[in-house]
Ligand code: BTN
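Residue numbers (our numbering): 858 to 1110.
Structure representation (structure tokens):
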């Protein structure tokens, strides 16, 4: 399948740009990328800081899909992209990055990639889905707070990264994984590779929800992409990504 790539030197947010184009009828598998976002968005209403010291350093792009899937399956696409990006980094650098559930990529305990998925619903189905991905490739100029948990691929691997090849590889991996995903409209065909990269498994985690917070041991994910957690009293529960954030007990991971 062909991906059509659109580029602007600067935009507010590639997710916003993709959504504007979607409303105007842009096609499935359009990709919007930029070198500078003036209002980059992160999960949970946060901003996405991504100031590379040299221009053109980082990946900020959003993929527009018109997937024709059930509504409840759409949020799982975030995990499909996280897995694809991790596999692409490995293919391009030989460095194994891990996934911090649901979709942060981490290297040496620091975040190098974040993903934000947004969608529009019509008639009870996703009309379009926008998956925005930000990867710190080069050394970044970040605020002190973000700098504590974030790093860049080049800093951590000590190798130069060809950004264009990495982008092409992410899209290639995404296409393969998306094909698997579409067969069942869930993650049953991708659980194995996803869990192999999941950093949380077997670790003590904090589940921070709006109503309750607790600690437990992460047991992996299920086919819906929910996190399986064993609480301290021995009961098991599933955690849905939209509702909570997960942290390590001793830090970000
Ligand atoms: C997160 O970890 O909080 C998600 C960050 C997602 C950032 C990317 S950068 C490209 C796209 N456009 C945005 O405004 N956000 C996403």
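Heads up, the beta-carbon is just placed ideally off N, CA and C, and yes, glycines get one too.
Model, not experiment: these values are computed from the prediction.
The beta strand (DSSP E) enclosing residue 984, as first and last residue numbers: Residue mapping note: residue 984 aligns to position 127 of the chain shown, counting from 1. 982-992 is the extent of the beta strand (DSSP E) around residue 984.
Environment of residue 1011 [buried if 16+ CB atoms lie within 10 Å]: Against the chain shown, residue 1011 aligns to sequence position 154. Buried.
Rounded Cβ spacing between residue 943 and residue 952 (contact assumed at less than 8 Å): Within the chain shown, the letter at position 86 stands for residue 943. Within the chain shown, the letter at position 95 stands for residue 952. Contact flag wrong, Cβ pair sits at about 10 Å.
DSSP beta-bridge partners of residue 1104: Start at 1 with the first residue of the chain shown, and residue 1104 comes out as number 247. Paired residue(s): 1063.
Beta-carbon proximity check, residue 1031 vs residue 938, cutoff 8 Å: One-based indexing of the chain shown puts residue 1031 at position 174. One-based indexing of the chain shown puts residue 938 at position 81. Their beta carbons are under 8 Å apart, which means residue 1031 touches residue 938 by this criterion.
Closer than 7 Å: residue 1009 CB and nearest the ligand BTN heavy atom: What you label residue 1009 is simply residue 152 of the chain shown in a count that begins at 1. No, since every heavy atom of the ligand BTN falls outside the 7 Å radius drawn around the Cβ of residue 1009.
The segment 985-997 in contact with the segment 874-888 per 3-pair CB rule at 8 Å: yes
Rounded C-alpha distance that separates residue 1014 from residue 915: As a first step, residue 1014 is located in the chain shown; it is residue number 157 there, counting from the start. As a first step, residue 915 is located in the chain shown; it is residue number 58 there, counting from the start. Taking C-alpha positions only, residue 1014 is separated from residue 915 by approximately 15 Å.
Beta carbon of residue 1085 nearer than 8 Å to that of residue 1077: Locating residue 1085 in the chain shown gives position 228, counting from the first residue. Locating residue 1077 in the chain shown gives position 220, counting from the first residue. Contact flag set, yes.
Residue environment, residue 1000, which counts as buried when at least 16 other CB atoms sit within 10 Å: As a working mapping, residue 1000 is identified with position 143 in the chain shown. Residue 1000 comes out exposed.
Residue of 1039, 1058, 1054, 947 minimising C-alpha distance to residue 956: Your numbering for residue 956 matches position 99 in the chain shown. Nearest of 1039, 1058, 1054, 947 to residue 956, Cα basis: 1054.
Burial state of residue 889 (16 or more Cβ within 10 Å): To locate residue 889, count along the chain shown from 1; it is residue 32. Residue 889 is buried by the Cβ-count criterion.
Three-state secondary structure (DSSP) of residue 961: As a position in the chain shown, residue 961 is number 104, starting the count at 1. Three-state result, residue 961: strand.
Closer than 7 Å: residue 905 CB and nearest the ligand BTN heavy atom: Locating residue 905 in the chain shown gives position 48, counting from the first residue. Flag set: Cβ of residue 905 near the ligand BTN.
Proximity below 8 Å, CB of residue 1073 to CB of residue 1087: If you number the chain shown from 1, residue 1073 lands on position 216. If you number the chain shown from 1, residue 1087 lands on position 230. Yes.
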